[in-house]
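Quick notes on the structure that follows.
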Amino acid sequence: RKEVEQDPGPFNVPEGATVAFNCTYSNSASQSFFWYRQDCRKEPKLLMSVYSSGNEDGRFTAQLNRASQYISLLIRDSKLGDSATYLCVVSLNTGGFKTIFGAGTRLFVKA
Amino acid sequence: EAGVTQSPTHLIKTRGQQATLRCSPISGHTSVYWYQQALGLGLQFLLWYDEGEERNRGNFPPRFSGRQFPNYSSELNVNALELEDSALYLCASSLRTGTASSGANVLTFGAGSRLTVL
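Listed in order, the protein sequences are those of chains A and B.
For the first sequence, the numbering used here gives the first residue as 1, with consecutive numbering after it.
For the second sequence, the numbering used here gives the first residue as 1001, with consecutive numbering after it.
Written as structure tokens, this is what we have:
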């Protein structure tokens, strides 16, 4: 089993749609959780951290369920510029942080 | 504040040659990570250096090696290049100490070095 697993994608949605990405992680000792965004042929960039209480940043909402070891990202009112690969990332402290990336879910937003 | 810088941006080599890629972390960051991303695939963890020591290694053959210098910059060496080594090599840095809530474990990536093996 992979340490971090994501929806395979790709997701093809029209502008204005709401889209949800799911992610599960295998190590219950994981401490920190993130969503990164990667544009085509570019480096990944931090989109948002994911907190236990859930958090929102504009059109983006992230949620964490530690009991189920599940993370989600909801994008409301999708824009063309949201087209990218979304990476679920899990980190645990092993005397320094071990960071594990999911394989990513590709999103295409179309006009 | 300068971000993570990588060099060279592009590198073309032939099979059997050696490639050396370089990374300078964000000032104050002591951890450096290397990832390989082949075209259309996800990030594959290669190496993690912290305070000059190799802390963890991904599932790659020994011809992938590296080091971290006293100034925390890092070098990735790939010996005996094979065609399948063609990929984008990404370096990231982070703080080592500190709490997760302080952002200590957030990785910041460089723009990558694109290696092409012919």
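Think of the CB as a built atom: it goes at the ideal place given N, C-alpha and C, for glycine as much as any other residue.
Counted within 10 angstroms of its Cβ, other Cβ atoms place residue i as buried (16 or more) or exposed
i	result
Gln1068 (chain B)	buried
His1029 (chain B)	buried
Gln1037 (chain B)	buried
Gly16 (chain A)	exposed
Gly1066 (chain B)	buried
Ser1094 (chain B)	buried
Ser1027 (chain B)	exposed
Asn1105 (chain B)	buried
Thr1009 (chain B)	exposed
Leu1076 (chain B)	buried
Pro8 (chain A)	exposed
Ile1025 (chain B)	Looking at the sequence itself, residue 1025 (chain B) is Pro, so the reference to Ile does not match. Buried, by the Cβ-count rule.
Thr18 (chain A)	exposed
Ser49 (chain A)	buried
Asp57 (chain A)	exposed
Arg1 (chain A)	exposed
Asp77 (chain A)	exposed
Arg73 (chain A)	Arg is not the amino acid found at residue 73 (chain A); the sequence shown has Leu there. When all chains shown are included, Leu73 (chain A) counts as buried.
Leu87 (chain A)	buried
Arg37 (chain A)	buried
Leu1118 (chain B)	exposed
Leu1083 (chain B)	exposed
Residue i in three-state terms, based on DSSP
i	result
Gly102 (chain A)	coil
Glu3 (chain A)	coil
Ala1084 (chain B)	According to the sequence shown, residue 1084 (chain B) is Glu rather than Ala. Helix, per DSSP.
Asp57 (chain A)	strand
Leu80 (chain A)	helix
Ser72 (chain A)	strand
Val109 (chain A)	strand
Pro14 (chain A)	strand
Lys42 (chain A)	coil
Asn1105 (chain B)	coil
Arg66 (chain A)	coil
Tyr51 (chain A)	coil
Thr1138 (chain B)	This structure leaves residue 1138 (chain B) out entirely; chain B is present only between 1001 and 1118.
Asn27 (chain A)	coil
Ala1111 (chain B)	coil
Thr85 (chain A)	strand
Val1004 (chain B)	coil
Thr1009 (chain B)	coil
Leu1076 (chain B)	strand
Leu1090 (chain B)	strand
Leu1095 (chain B)	coil
Chain C contact residues for residue i, given Cβ-Cβ distances below 7 Å
i	result
Gly104 (chain A)	Of the chains in the structure shown, none is chain C; the protein chains are A and B.
Closer than 8 Å is the cut-off here; do at least three beta carbon pairs connect the segment 37 to 46 of chain A with the segment 1107 to 1115 of chain B?
Contact holds: three or more Cβ-Cβ distances are below 8 Å.
Mind listing, in chain order, the continuous beta strand (DSSP E) runs of no fewer than 3 residues lying wholly within the segment 1021 to 1073 of chain B?
Counting only runs of at least 3 residues, the segment 1021 to 1073 of chain B fully encloses the following beta strand (DSSP E) elements, listed from N- to C-terminal order: 1031 to 1037, 1044 to 1050, 1053 to 1057 and 1064 to 1068.
Within the chosen definition, does the segment 1042 to 1055 of chain B reach the segment 81 to 101 of chain A through at least 3 CB pairs nearer than 8 Å?
Taking a cut-off of 8 Å for Cβ pairs, the segment 1042 to 1055 of chain B and the segment 81 to 101 of chain A touch, as three or more such pairs fall below it.
Segment contact, 8 Å Cβ cut-off, at least three pairs: the segment 20 to 33 of chain A with the segment 1008 to 1015 of chain B
As far as the Cβ criterion goes, the segment 20 to 33 of chain A does not touch the segment 1008 to 1015 of chain B, which means the pair count is below three.
Against chain A: residues of the segment 1055 to 1066 of chain B by CB proximity under 7 Å:
Near chain A, meaning a CB-to-CB distance below 7 Å, the residues of the segment 1055 to 1066 of chain B are Arg1055 and Asn1056.
Could you run through the segment 1023 to 1034 of chain B and flag, in chain order, every residue whose CB is less than 8 Å away from some CB of chain A?
Residues passing the 8 Å Cβ filter: Ser1031 and Tyr1033.
Mind listing which residues of the segment 43 to 75 of chain A have their C-beta closer than 8 Å to chain B's C-betas, in chain order?
The segment 43 to 75 of chain A vs chain B, Cβ under 8 Å: Glu43, Pro44, Lys45, Leu46 and Ser49.
Quick one, which residues of the segment 17 to 31 of chain A are near chain B if we go by CB-CB under 7 Å, in chain order?
Look at the segment 17 to 31 of chain A: the residues with a C-beta under 7 Å from a C-beta of chain B are Gln31.
Could you name the residues of the segment 1073 to 1091 of chain B whose beta carbon sits closer than 8 Å to any beta carbon of chain A, in the order they occur along the chain?
Among the residues of the segment 1073 to 1091 of chain B, those with a Cβ less than 8 Å away from any Cβ of chain A are Leu1088 and Leu1090, in the order of the chain.
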